[in-house]
Amino acid sequence: MTALARHVTTVAESTELSGSSASFAADVIAGLTATPKRLSPKYFYDRAGSELFERITELPEYYPTRTETGILTERARDIAKLIPEGAALIEFGSGSSTKTRIVLHETKSLAAYVPVDISAEFLSQQAGTLRADFPKIKMLPVAADFSEPFELPGAVQQLPRAGFFPGSTIGNFEPHEACAFLRHAARVLGHGAVLIVGVDLVKDTGVLQRAYNDKQGVTAAFNLNLLKRINSELGAKIDLDSFEHHAFFNRERSRIEMHLASLKRQRLKLGGECIDFRAGETIHTENSYKYTVESFGALARGAGFVQTAVWTDARSYFSVHVLTLREEPAPTRPRPDLAAVG
Ligand code: TRP
């Protein structure tokens, strides 16, 4: 830990910030003293952030949610056919389970649904309404970080398992992390596993950039909410008007990058220490990788899966993949052709 981070941790402890605030403080300090400056996207989702994110999914410019929902609705019966009889459906990062309902409606033989999400409160709320709507399916929520190893409920240990990972959340991982995630999912799902993944596709730069720069400024507010949290939870005094949301498509790396750009040269004080910004210097807050059907197929193969089915919408904006585990063991290292290339 740097002296600065230690100092902030001490400040956090002395003002009786909870343990989670202390690690938030330490992460913020570590990120803002790094070069280039960065903040972890995991801090986007406090209550205000989660509400802003819900609004993003409804924006006219934000095509992914609408397009994926369309594909799932149109292909629900085909998807259902690929899910083994009497299986448990395990969703990685379930949130409001809106898209899952489309699958649950069609997959009549499903024995159990296991939503895995970090927010225990949200989970138990959702499980209640899901139980009422799907009385024949066992609802077995697991409160856990879906990207880390977690225990499956005993009741599903003996069942065949299918995984569900919509929303192009896989695009928020670096490609090598996405590959590691797929291997982790393979371990959780076990032998004969089926994994349904939503993946956003490379497309016209204008369409991509508008999706992350909406006219109403909701995505900007979502991004700036990180700084708001640093002010309210860590007692910083960042002038929110001195930072601006920047999102652009980096075609070479095939990703949307989100940044917070300082509009002027300035010094932030955090835990009694100073963090200097040049005019125009940015804090990198998120990436959203865009794949082609082929580049995602290569990534999946590197993790030991085969693409059993792929569906896209008429404009090829978004894709839904059904991956199944190859019989032979996965190679231990990703091959060099796995980068997300456009
Ligand atoms: N995975 C989605 C995407 O990359 C949703 C998402 C994650 C998102 N972080 C975001 C959308 C930040 C807008 C801004 O598009």
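Using our numbering, the first residue of the sequence shown is number 194, and each one after it goes up by one.
No residue lacks a Cβ here, since even glycine has one placed at the ideal position from N, Cα and C.
* Is Gly-428 near Leu-388, with beta carbons less than 8 Å apart? -> Walking along the sequence shown from the start, residue 428 turns up at place 235. Walking along the sequence shown from the start, residue 388 turns up at place 195. No, the Cβ-Cβ distance between Gly-428 and Leu-388 is not below 8 Å.
* Contact set for Ile-330: own chain, Cβ-Cβ below 6 Å, skip 5 residues either direction -> Here residue 330 is taken as the residue at index 137 of the sequence shown, counted from 1. So the qualifying residues of the chain are Leu-303 and Tyr-306.
* So is Gly-497 in contact with chain C if we call contact Cβ pairs under 8 Å? -> The chain labelled as chain C is not found in the depicted structure, where only one protein chain is given.
* For Leu-516, which residues does DSSP report across the bridge? -> As a working mapping, residue 516 is identified with position 323 in the sequence shown. Answer is Leu-388 and Gln-500, bridged to Leu-516.
* Taking the C-alpha atoms as reference points, what is the distance between Arg-376 and Leu-275? -> Mapped onto the sequence shown, residue 376 falls at position 183. Mapped onto the sequence shown, residue 275 falls at position 82. Arg-376 and Leu-275: Cα-Cα distance of roughly 20 Å.
* Range of the contiguous beta strand (DSSP E) that encloses Pro-308 -> Within the sequence shown, the letter at position 115 stands for residue 308. Note, Pro-308: beta strand (DSSP E), 305 to 310.
* Ser-185 (DSSP reduced to helix, strand or coil) -> Lying before the first or after the last residue shown, residue 185 is absent from the chain, which here runs from 194 to 535.
* Asked: Three or more beta-carbon pairs under 8 Å between the stretch 438 to 450 and the stretch 240 to 260, yes or no?
  -> no
* For Thr-260 and Gln-569, the rounded distance between their alpha carbons -> Past the boundaries of the shown model lies residue 569; the chain is included only from 194 to 535, so the question cannot be answered.
* Would you report the Cα separation of Ser-447 and Ile-476, rounded to the nearest angstrom? -> For the purposes of this step, residue 447 is taken as the residue at position 254 of the sequence shown. For the purposes of this step, residue 476 is taken as the residue at position 283 of the sequence shown. Each residue's Cα considered, the two are about 19 Å apart.
* Verify the contact flag: Ser-481, CB atom, against every heavy atom of the ligand TRP, threshold strictly below 7 Å. => Residue mapping note: residue 481 aligns to position 288 of the sequence shown, counting from 1. Yes, Cβ of Ser-481 sits closer than 7 Å to a heavy atom of the ligand TRP.
* List the DSSP bridge partners of Glu-437. => The residue given as residue 437 occupies position 244 in the sequence shown. Glu-437 is bridged to Ala-454.
* Asked: Roughly how many angstroms lie between the CA atoms of Arg-354 and Val-411, to the nearest whole one?
  -> Reading the sequence shown from its first residue, position 161 is the one you call residue 354. Reading the sequence shown from its first residue, position 218 is the one you call residue 411. Their Cα atoms are separated by approximately 37 Å.
* **CB of Lys-292 within 8 Å of CB of Leu-394, strictly** => Residue 292 sits at position 99 when you count from the first residue of the sequence shown. Residue 394 sits at position 201 when you count from the first residue of the sequence shown. Cβ distance not < 8 Å, so Lys-292 and Leu-394 don't count as in contact.
* What do you reckon, is the C-beta of Asp-393 under 7 Å from a heavy atom of the ligand TRP? -> Along the sequence shown, read from residue 1 onward, the residue named residue 393 stands at position 200. Yes; taking the cut-off as 7 Å, the Cβ of Asp-393 has a heavy atom of the ligand TRP nearer than that.
* To do: Using only alpha-carbon positions, find the residue among Phe-489, Ser-435 and Ser-481 that is nearest to Arg-471.
  => As a first step, residue 471 is located in the sequence shown; it is residue number 278 there, counting from the start. Answer by Cα proximity: Ser-435.
* **For Arg-324 and Leu-333, the rounded distance between their alpha carbons** => Here residue 333 corresponds to residue number 140 of the sequence shown, with the count starting at 1. Here residue 324 corresponds to residue number 131 of the sequence shown, with the count starting at 1. Each residue's Cα considered, the two are about 10 Å apart.
* **Cβ-based neighbour list, Val-413, same chain, cut-off 6 Å, excluding 5 preceding and 5 following** => Within the sequence shown, the letter at position 220 stands for residue 413. Reading off the sequence, residue 413 comes out as Ala, not Val. The answer, listed in chain order, is His-438.
* Asked: Cα-Cα, which of Lys-462, Ala-269 and Phe-415 is closest to Val-296?
  -> On the sequence shown, residue 296 is found 103 positions in, with the first residue counted as 1. The option with the nearest alpha carbon to Val-296 is Ala-269.
* **Val-515 versus Pro-359 - alpha carbon distance** => Here the question's residue 515 lines up with position 322 in the sequence shown. Here the question's residue 359 lines up with position 166 in the sequence shown. Approximately 11 Å between the Cα atoms of the pair.
* Going by the C-beta, is Ile-249 closer than 7 Å to any heavy atom of the ligand TRP? -> Position 56 of the sequence shown holds residue 249. True, at least one ligand heavy atom lies under 7 Å from that Cβ.
* To do: Kindly examine the ligand TRP and report whether one of its heavy atoms sits closer than 7 Å to the Cβ of Asn-406.
  => Counting from one through the sequence shown, the residue named residue 406 turns up at place 213. No, the beta carbon of Asn-406 sits no closer than 7 Å to any heavy atom of the ligand TRP.
* Per-residue DSSP class, three states only, for Glu-206 -> Translated into positions along the sequence shown, residue 206 becomes position 13. For Glu-206, the pLDDT reaches just 44, beneath the cut-off of 50, and the residue's location in the model is therefore unreliable, although a value from the coordinates is still provided. Reduced to three states, the DSSP call for Glu-206 is helix.
* Is it a yes or a no for the stretch 487 to 494 touching the stretch 222 to 232, going by three-plus beta-carbon pairs under 8 Å? -> no
* Is Phe-358 near the ligand TRP, in the sense that its beta carbon is under 7 Å from a heavy atom of that ligand? -> By 1-based counting over the sequence shown, the position of residue 358 is 165. False, no ligand heavy atom lies under 7 Å from that Cβ.
* Report yes or no: do the stretch 489 to 501 and the stretch 361 to 373 share at least 3 C-beta pairs separated by less than 8 Å? => yes
* Would you identify the three-state DSSP class for Ile-431, choosing helix, strand or coil? => By one-based count along the sequence shown, residue 431 stands at place 238. Here Ile-431 sits in coil by DSSP.
* **First through last residue of the alpha helix (DSSP H) which encompasses Arg-270** => By one-based count along the sequence shown, residue 270 stands at place 77. It spans 256 to 275 - the alpha helix (DSSP H) in which Arg-270 sits, taken as one unbroken run.
* Please report the residue range of the beta strand (DSSP E) in which Ala-281 lies. => Taking the sequence shown and counting its residues from 1, one reaches residue 281 at position 88. 281 to 285 is the extent of the beta strand (DSSP E) around Ala-281.
* Please state if the CB of Leu-252 and the CB of Asp-506 are separated by a distance shorter than 8 Å. => As a first step, residue 506 must be located in the sequence shown, where it is residue number 313. As a first step, residue 252 must be located in the sequence shown, where it is residue number 59. Contact: no.
* Asked: Heavy atom of the ligand TRP less than 7 Å from the Cβ of Thr-362, yes or no?
  -> Numbered from 1 along the sequence shown, position 169 holds the residue referred to as residue 362. Yes.
* Mind pulling the alpha helix (DSSP H) runs of 4 or more residues that sit fully within the stretch 322 to 387? -> 368 to 382
* Asked: Rounded to a whole number of angstroms, what is the C-alpha to C-alpha distance between Asp-220 and Lys-421?
  -> Position 27 of the sequence shown, counted from the first residue, corresponds to residue 220. Position 228 of the sequence shown, counted from the first residue, corresponds to residue 421. About 15 Å.
* the ligand TRP heavy atoms versus the CB of Asn-365: any closer than 7 Å? -> For the purposes of this step, residue 365 is taken as the residue at position 172 of the sequence shown. Asn-365 Cβ: within cutoff of the ligand TRP.
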